[in-house]
Amino acid sequence: MLSLLHRQGNTEEKLNVYLLIDASQSVGKDNFQLGVGFLMNLILKMSNYAIQAKYAIVVFASQAKTKLALTEKANQDPKAVINILKELSYSEFEESPGTNTGEALLQVVALINSYKQQQRLPILWNQNKHISFIVTDGRSNMGPPPKIVMNEKFADIPMDIYTFGIGNVYKEELVSIASQKKGERHSFMLLNYRELQKIGIVNTDKTLYYKCGIATYHEVFRLSRIFNGKATNITEWPWHVRIQIGEHHSCGGTIISPHWIMTAAHCFSMISPDGDISRRVSVFIGSHLPSGGEHRSVKRVLIHDKYNERAMQRELPGSEFYDYDIAILELHHHLTFGDTKQPVCLPCTKDSAEILKLEGTVWKDWEEFCHKHIAQQILTENGEGIITGFGMVNTTAIPTQLQQATIQLKDNSACLEEFVKFNRPFSADTLKTFITKNMLCAGGTGADACKGDSGGPFIVKRSEHWIQIGVVSWGVTPICGGGQRNGLYTNVVQMMQWIKSHVYDIDFRANGQVL
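Letter by letter, the sequence shown follows residues 26 to 540 in this note's numbering.
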C-alpha cells in the first residue's frame, strides 16, 4: 500500500503529480494499457482528498514526450486528466525499443522549472509539493543514468518518487531512484502489470480529510428502486449507515461529519423517553450488507425539539405527525474516513458554497446564504436524486444488500393529492396541515422508500458531489411502490439552522466569514 498522501495535511498546499509511463517495446500493448488504468484509478482515489492537485504526464521509450504540462488548463480537472490518459497510444512508440528513464526525469525537471517561472512570489512556489509515479518494465538502457539525474537535478526539489518495476528488473536502480524515507515503501517490484491493480492508497495523516459527497465508484441505475429494487455497493454511497435499536435493524442514516450521523426522529418513537436512549442505539458503518459493518457506539441522540408525533391527534385521531422529523447522533469516537466511510455534503456549509460556486456571492446573513442562494440551486422541481436503504424490497422480503432508487423532486401539492385520495372522508383542508414547508415531496414510477428505509438520505448531484437535501420520513399511501408513488422527506435545508446549533465539526463559514 502507498502512504503517499500523509504529508499533505495542509489543504493550502498545492500538490503537483507527475505520471511517467514506460511505453517501450518490451512492455507490450496490453501491459501498457493496464499501467495506464492503474494511474487512472490512482487519480480517482486522490481526487477524494481535499487537496489542490495539478497533474503532468510524460510517456517515454527511447525518447520522452510530455503529454500534459503543469501550465495547461486541463491539469486540475481529474476527469480531463483521465481522458488524456485514455487517449494515449502505445502505437506511437512502437518504433522506440529503448527505456530512457533519465530523459523522462529531465522532462519532469523542465516541467517544474516552467511552472516555477509562473509563480511570481516565492511564498507561492514554496507551497508546492511534488510526487512522481514512474511505471516501467525494467532498467534504463539509454540516455543519462537516472541516479545521476536525481543527484544533480532533484536535490532542491521537494519530491516524493514512487517506482514500479515489472518482471526481471534492475532492482538496485529502481530503489535508488525512489525516495528513501524511514518506515515507508516507495519502490515496488511486481511480476506483471496486473499486480498494479492491487496497490491502493493509505492516508496516514489523520488531519488530511476527504471531500464530502465523493465516492470511489458510481454506477447509477436510473430504473432502480428500493422497493422491488436494485442492489448497490457501499463504495458507491459510503455515507450510508445502518442504525440498530436493540438487536434489530431500525433505520438508515448518513455520515455528516467525523462525529455525527443524521437520521429521522421517528426512528426512536418506540423507545421510552425515560433514561438514556443512546445506550440502546448502535450504528454500523462501511458495509452494503444488512448484517455487516463496523460497529460504533452512540454518545448522544438529539431529536429536534419541535418534533411531536402526536401533535395532530385532535384533528385526525390516531394520526402521526412528522414535522421536524430529524435527529442527529453523536458518536463516542470520531470516524477516520476512507473508501467505505465518507461524509455526505450538507446544504448551507462552506463545502456546498464551494461546490455551487457561491464563494463570491454577497449575502447579508447566514439565513439568506442558506435559503436564497443554496436552496434555489439544489431544490429544483423535477430535479433528479437518489435514495438508498436497507428497507423492504417487496411486500414480504428484506434485501440482502443495500438498495438504491432514482426519484424526482416534486411540488408538495403532488403528495397532498395522493394523501387526500387515500384518506377519505377527511377534508383536504384538514390533511394539508400534515404536509409542511419542512418536508419535500419526491417519487417516481415504481420507485419508493419502504419500511426500514426511514432516516436514509435523499441526495442530489451537483458538480460531481452528492448533497443531501432530504431524510426519508413518511409515505402518503399505505403501500410501498406500485405505479406512480410519492413520499415525503424531511427538508434538510429547513433543518440546517438546528444542525448548525449542535454540530461542531462542520465548517458553516462562507466567503471566508462566520455567518
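Don't be surprised by glycine CBs; every beta carbon is placed ideally from N, CA and C.
Can you tell me the Cβ-Cβ gap for Trp262 and Ala289, rounded? I've got them flagged as a contact below 8 Å. Trp262 to Ala289, Cβ: 17 Å. No contact.
Okay, do the segment 429-438 and the segment 316-325 touch, 3+ Cβ pairs below 8 Å being the bar? no
Can you check whether the CB of Cys466 is closer than 9 Å to the CB of Tyr514? yes
What are the uninterrupted segments assigned as beta strand (DSSP E) that are 3 or more residues long and contained completely in the segment 293-364, given in chain order? 306-310, 319-328 and 352-356
Can you tell me whether Thr405 is buried or exposed, with buried defined as 16 or more other CB within 10 angstroms of its CB? exposed
Which residue comes first and which comes last in the alpha helix (DSSP H) that contains His274? Note, His274: premise wrong, no alpha helix (DSSP H); beta strand (DSSP E) at His273 to Ile280.
Cβ contact check for the segment 518-533 and the segment 364-378: 3 or more pairs under 8 Å: yes
Can you look up Lys39 in the DSSP assignment and give me helix, strand or coil? strand
Give the DSSP-derived three-state secondary structure of Cys370 in the structure shown. strand
Mapping the DSSP letters down to three states, classify Pro482 as helix, strand or coil. strand
Whole-number beta carbon distance between Val42 and Ala99, since they are thought to touch under 8 Å: Rounded, the Cβ-Cβ distance is 13 Å, inconsistent with contact.
Can the beta-carbon of Ile281 be found less than 9 Å from the beta-carbon of Ile202? no
Leaving out five residues before and five after Thr161 in sequence, what residues of the same chain have Cβ atoms less than 6 Å from its Cβ? Asp47
Below 9 Å between beta carbons: does that hold for His358 and Leu381? no
Quick check: the Cα distance between Lys461 and Asp350, rounded to an integer number of angstroms? Correcting the residue identity first, residue 461 is Thr in this sequence and not Lys. Near 11 Å, if we compare the C-alpha coordinates of Asp350 and Thr461.
Alpha-carbon spacing of Gly318 relative to Pro342, whole angstroms: 40 Å
Endpoints, beta strand (DSSP E) assigned at Thr431: Gln428 to Lys435
Where DSSP assigns a beta bridge to Met464, which residues make up the other side? Thr515
Is the separation between the beta-carbon of Met337 and that of Phe459 shorter than 9 Å? yes
Please state the DSSP three-state secondary structure of Met520. helix
Going by beta-carbon coordinates alone, are Glu198 and Ser165 separated by less than 9 Å? yes
Rounded to the nearest angstrom, what separates Arg449 and Glu345 at their Cα positions? 16 Å
Using 9 Å as the threshold, is the C-beta distance between Asn125 and Leu40 below it? no
Am I right that His396 and Cys237 are in contact with their C-beta atoms under 8 Å? What's the rounded C-beta distance? At roughly 20 Å, the Cβ-Cβ gap does not stay under 8 Å, so His396 and Cys237 are not in contact.
Checking the sheet assignment: what are the DSSP bridge partners for Arg510? Gly469
Could you give the DSSP three-state label for Lys231: helix, strand or coil? Because the pLDDT of Lys231 is 40, which lies under 50, any placement of that residue in the model is unreliable, and the number read from its coordinates should be weighed accordingly. Here Lys231 sits in coil by DSSP.
So what does DSSP say about Arg247, is it helix, strand or coil? Because Arg247 sits at a pLDDT of 36, beneath the cut-off of 50, its placement in the model cannot be relied upon, and the point is left open.
With DSSP as the reference, label Phe451 as helix, strand or coil. coil
Under three-state DSSP, which class holds His284? coil
Evaluate Thr257 with the Cβ neighbour count: other Cβ atoms within 10 Å of its Cβ, from every protein chain shown; 16 or more gives buried, anything less gives exposed. buried
Decide yes or no for the touch test of the segment 126-136 against the segment 78-88: beta carbon pairs closer than 8 Å, at least 3 of them. yes
Could you tell me which residues DSSP pairs with Lys154 in its beta bridges? Leu40
Taking the alpha carbon of Gly495 as the reference point, which residue from Arg487, Ser488, Val501 and Phe483 has its own alpha carbon closest? Phe483
When you compare only the Cα positions, how much space is there between Ala439 and His291? 23 Å
DSSP three-state assignment for Leu441, whether helix, strand or coil: helix
Simplified DSSP state of His541, which is helix, strand or coil: Because the chain is modelled from 26 through 540, residue 541 falls outside the range shown and cannot be assessed.
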